[in-house]
Amino acid sequence: MDVSKDQMTLLLDNGLYDSAQMLGCFLVSSSAANSENNPYMKAESLVLQGDALFGEKEFRRALSTYKQALQHIKIIPKQAATSRSSLSTSSRSSSPNSTNVSSINEYDVKFKITLCYCALSENRAALAEMEGIPPKSRTLRMNLTMAKLLRISRHNRAATTCYKDCLRHCPYVLEAIAALAELGTSSKEILSLLPQTPNRGRPPFDHLDTPRWLQRYVEAQCCIATNDYKGGLEHFCDLLQRFPNNIHILLEIAKVEAIIGRNEDAIMNFEKVRAIDPYVMTYMDEYAMLLKAKSDHSKLNKLVHDLLHIDPGRAETYVALSVLWERKDERRALAYAEKSIRIDERHISGHIVKAR
183 MDVSKDQMTL LLDNGLYDSA QMLGCFLVSS SAANSENNPY MKAESLVLQG
233 DALFGEKEFR RALSTYKQAL QHIKIIPKQA ATSRSSLSTS SRSSSPNSTN
283 VSSINEYDVK FKITLCYCAL SENRAALAEM EGIPPKSRTL RMNLTMAKLL
333 RISRHNRAAT TCYKDCLRHC PYVLEAIAAL AELGTSSKEI LSLLPQTPNR
383 GRPPFDHLDT PRWLQRYVEA QCCIATNDYK GGLEHFCDLL QRFPNNIHIL
433 LEIAKVEAII GRNEDAIMNF EKVRAIDPYV MTYMDEYAML LKAKSDHSKL
483 NKLVHDLLHI DPGRAETYVA LSVLWERKDE RRALAYAEKS IRIDERHISG
533 HIVKAR
């Protein structure tokens with residue numbers, strides 16, 4: 183072959199996406215990749231080039247390239263396609279930035295297309311692409327992506343099914359537990375999805391009973407989802423005793439304390455989180471609201487400055503900016519709130535500050 187696809191893969195594996203994208207131009211235009219008798223070679227080359235473009239965050243170009251690859255895959259003779267995709271699902275990667283070209287198939291490429299649509303915030307198109315992947319062919323990551331897209335589209339029953347599939351595949355997908363609780367699934371039902379006894383049919387995680395802390399985490403999330411904040415707080419505090427300085431648990435505790443009006447305790451826990459990891463963004467807009475309510479303008483100013491430095495593209499940053507400017511310039515504050523919603527229309531804090 184004129185250009186070695188192994189060298190292209192090496193560049194991608196090392197995150198050298200710019201170099202990979204340039205080499206990919208040679209690979210895609212090589213005589214071997216353009217032979218009418220070898221559509222698989224063309225598809226391989228296009229997928230590699232798509233991965234390079236995705237790594238460079240050129241999502242629209244990556245999307246177009248993956249779609250071209252998919253067209254070539256569809257015309258590969260069935261016998262050849264079967265032999266090339268005979269590896270198990272666990273041995274191949276669907277990530278645009280991690281390519282296993284020896285086992286490329288239609289469903290892998292469809293998922294890469296889905297990730298492009300997600301990066302472009304074109305969720306309806308992403309969901310349509312995911313629906314073309316049969317449930318039995320979906321990996322854990324595919325199922326979680328499908329669940330999120332269904333939830334965004336308000337197909338809550340179907341989303342619940344996908345989140346449950348995630349937990350059957352791996353009981354430690356904590357975001358699936360939280361999502362199921364928010365969607366109204368009871369703690370009893372969630373716990374029934376987790377391993378209770380060794381089961382040869384399950385993936386080889388621990389092959390032990392569900393750990394007590396995971397059961398407690400399920401109970402905590404379900405309490406919060408049903409507005410039993412006292413019960414949820416008790417469960418989270420018990421977890422914190424076992425896992426001191428756990429940032430995730432501290433943030434959950436602070437959020438609940440803010441909801442029930444224990445503002446000073448919430449502020450203290452947010453400050454503890456920032457002392458452990460000053461680059462945390464999660465719930466920092468809610469921390470900003472608490473500082474505003476306390477009229478602690480000095481800390482609020484510093485928080486906003488820090489968030490702008492950490493990630494100026496996050497919704498939390500613009501909510502905090504809106505809170506900061508509420509007293510000084512209402513129109514500017516409203517513009518920041520609207521910006522946060524454009525970044526993430528499901529970000530609740532953005533809607534709260536916009537409505538004030």
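Using this note's numbering, the first residue of the sequence shown is number 183, and each one after it goes up by one.
Ideal placement from N, C-alpha and C gives every residue a C-beta, glycine not left out.
None of the values given here were measured: they were computed from a predicted structure.
query                                                                                                                             : result
Contact set for residue 252: own chain, Cβ-Cβ below 6 Å, skip 5 residues either direction                                         : 291
Limits of the alpha helix (DSSP H) - the one that residue 418 falls within                                                        : 411-424
At least 3 beta-carbon pairs within less than 8 Å: the segment 316-330 vs the segment 363-371                                     : no
Cα-Cα separation between residue 454 and residue 246, rounded to whole angstroms                                                  : 46 Å
Chain-order list of residues whose beta-carbon lies under 8 Å from that of residue 386 (same chain, five-residue window excluded) : With a pLDDT of 47 at residue 386, under the threshold of 50, the modelled position of this residue cannot be trusted; read the value that follows with caution. Contacts found: none.
Per-residue burial, residue 527 [other beta carbons within 10 Å of its own, 16 or more giving buried]                             : exposed
Nearest-angstrom Cβ-Cβ length linking residue 222 and residue 232, presumed shorter than 8 Å                                      : With 8 Å as the limit, residue 222 and residue 232 do not qualify as a contact, their Cβ atoms being about 15 Å apart.
Unbroken alpha helix (DSSP H) run spanning residue 319, endpoints                                                                 : From DSSP, residue 319 is part of no alpha helix (DSSP H); its letter is neither H nor E.
For residue 449, the first and last residue of its enclosing alpha helix (DSSP H)                                                 : 445-458
Which of helix, strand or coil DSSP assigns to residue 198                                                                        : coil
CB of residue 506 within 8 Å of CB of residue 499, strictly                                                                       : no
Continuous alpha helix (DSSP H) stretch holding residue 371: start and end                                                        : 369-375
Residue 386, DSSP secondary structure in three states                                                                             : Note that residue 386 scores a pLDDT of 47, beneath 50, so its modelled location is shaky and nothing firm can be said.
Residue 186 - DSSP class collapsed to helix/strand/coil                                                                           : coil
Counted within 10 angstroms of its Cβ, other Cβ atoms place residue 357 as buried (16 or more) or exposed                         : exposed
Contact the segment 510-526 vs the segment 473-491: 3+ CB pairs below 8 Å                                                         : no
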